[in-house]
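Residue numbers (my numbering), protein chains in the order written: chain A, 1 to 224; chain B, 1 to 224.
Scroll down for the structure; my scribbles are underneath it.
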DNA sequence: GCGGCAGGTGTACGGCGTACACCCGCTGTC
DNA sequence: GACAGCGGGTGTACGCCGTACACCTGCCGC
């Protein structure tokens with residue numbers, strides 16, 4: 001009589017969200033079609049009725065993340081609107097640390113990403129930047145548009161403090177790095193945690209770019 | 001009598017260089033320990049006497065590339081010296097398109113990369129930037145230090161020009177993107193090739209950053 | 001002459017993405 | 001009600017991957 005509720009039927013959306021959750025939990029390297037199918041209580045090949053292949057799965061996962069980014073603020077000048085949106089994108093990426101590597105591996109943007117880029121371009125254009133300037137600015141922002149940090153290296157896995165001998169060798173071999181790291185270590189002693197203030201660093205470089213852009217706009221930058 | 005010259009013995013260096021060559025030729029996705037061994041006329045496991053695992057192979061491949069970057073110019077102001085060096089790094093990356101993805105996947109810098117970063121930091125410091133400013137600037141440059149472009153998407157594989165109907169849909173859905181792409185298309189008609197001038201875009205954003213940095217230096221930027 | 005060892009080999013395991021044939025249960029049509 | 005069609009889940013299998021582990025071999029110092 002009562003129909004047995006076997007399992008919520010698979011949908012593309014459920015597959016993508018499960019993939020995001022799994023990647024969050026176990027890292028992107030551990031995300032396989034097989035493991036993903038397992039968390040959905042389904043045989044691996046079932047996924048292929050909803051995504052063409054793993055590449056498309058990854059594309060879709062990024063689409064989910066883009067959907068988490070705040071919509072653009074309605075009012076205010078272009079600079080703060082863009083700034084807010086990018087900082088929102090960054091928050092999303094912080095919650096999904098695997099995302100930057102996936103972004104880096106994409107070759108063709110999905111419609112969702114295209115729509116996001118279009119809306120971001122619109123913020124520059126309505127802010128008064130010329131078509132040419134906007135074009136170059138979008139290149140300059142690159143994947144920072146998506147909150148991407150482009151740090152040279154992710155957070156090192158909190159290595160134990162090196163002993164004095166190693167530290168001396170480091171200081172000899174890499175004097176300038178040592179100069180900075182010891183400075184940071186001192187600052188941190190008076191603040192918290194270990195390492196840099198990533199949020200500050202992100203905003204620093206973001207503002208460096210935005211300030212530069214606003215300067216070009218004010219000076220009426222034109223190509224050549 | 002005459003010793004048979006069987007094969008140049010494997011060395012770590014030979015392995016790494018062969019890996020770089022193979023990645024150049026077939027792409028990083030097709031680079032496997034098995035294929036690499038094959039090009040060296042050797043059984044896969046032989047490689048493991050020279051690199052601990054594939055991660056270390058990738059690290060070593062980047063070290064090879066860092067070795068191809070021009071040494072810093074001896075004289076001149078910090079800005080042009082840094083600019084030259086980064087543009088040299090970019091040339092290296094252009095010849096090894098797989099490099100950016102490998103950079104993105106590294107977690108811990110090798111001594112070679114550390115030395116490169118140290119020397120880059122030195123250029124800022126001797127140029128008159130404070131320790132703090134240099135620190136933040138290094139974050140702001142991120143992997144651009146290595147010539148990394150951080151474009152949102154690599155060159156799309158030169159899709160055929162969309163037919164009129166598709167183009168109309170595009171224009172409706174992504175008006176701002178369309179505005180820029182048609183502008184670029186017109187410019188290109190009078191120049192060459194298809195797509196953007198990547199070199200220009202790279203230098204544009206590099207200069208945006210360097211100009212901003214020089215501005216901070218001149219104004220005696222300090223934290224907080 | 002011989003022990004040790006660096007470096008190359010062979011075999012094997014578990015995991016991966018996914019092609020392909022299948023099958024089951026629902027839906028629309030008559 | 002019968003039944004064809006089909007969308008979605010299944011099962012099996014293939015060829016690839018990284019690499020653990022045991023083994024062999026030829027050279028070097030003693």
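Even glycine gets a Cβ: it sits at the ideal position worked out from N, Cα and C.
- Burial is judged here by how many other beta carbons sit within 10 angstroms of a residue's own beta carbon; residue 14(B) has fewer than 16 and is exposed.
- For the options 9(B), 117(B) and 7(B), the alpha carbon positioned closest to that of residue 71(B) is the one of 117(B).
- In the three-state scheme derived from DSSP, where H, G and I count as helix and E and B as strand, residue 220(A) is classed as coil.
- Residue 107(B) belongs to the set of residues whose beta carbon lies under 8 Å from a beta carbon in chain A.
- The continuous alpha helix (DSSP H) containing residue 82(A) extends over residues 78 to 95.
- Residues of the stretch 158 to 188 of chain A that bring their beta carbon within less than 8 Å of a beta carbon in chain B comprise 173, 174, 175, 176, 177, 179, 180, 183 and 184, in sequence order.
- Within a 10 Å sphere around the beta-carbon of residue 134(B) sit 16 or more other beta-carbons, which makes this residue buried.
- Out of 126(A), 123(A), 119(A) and 103(A), the CA that lies nearest to the CA of residue 60(A) is found in 103(A).
- The alpha helix (DSSP H) runs lying completely inside the stretch 92 to 127 of chain B and spanning 4 residues or more are 99 to 105 and 111 to 126, given in chain order.
- Residue 151(B) carries a coil assignment under DSSP once its states are collapsed to helix, strand and coil.
- The shortest CA-to-CA distance from residue 151(B) to any of 76(B), 198(B), 34(B) and 174(B) is the one to 198(B).
- One Cα belongs to residue 93(B), the other to residue 9(A), and the distance between them is close to 46 Å.
- Within chain B, the residues 150, 151 and 152 have their CB atoms less than 8 Å from the CB of residue 143(A), given in chain order.
- In the DSSP annotation of this structure, the continuous segment of the alpha helix (DSSP H) that includes residue 66(B) starts and ends at 54 to 68.
- Closest by C-alpha distance to residue 68(A), out of 91(A), 29(A), 221(A) and 188(A), is 91(A).
- Taking C-beta atoms as the reference points, residue 136(B) and residue 153(A) fail to come closer than 8 Å.
- Leaving aside the five residues that flank residue 37(A) on each side, the residues in its chain whose CB is nearer than 7 Å to its CB run, in chain order, 43, 44, 46 and 47.
- Chain A has no Cβ within less than 8 Å of the Cβ of residue 99(B).
- Listed by position along chain A, the residues whose Cβ is nearer than 7 Å to that of residue 211(B) are 212.
- Interface criterion not met: the Cβ of residue 129(A) is under 8 Å from no Cβ in chain B.
- For residue 69(A), the nearest beta carbon of chain B is not closer than 8 Å to its own beta carbon.
- Looking at the backbone, the Cα of residue 76(B) and that of residue 145(B) are separated by about 19 Å.
- Between residue 177(B) and residue 108(A), the alpha-carbon positions lie close to 15 Å from each other.
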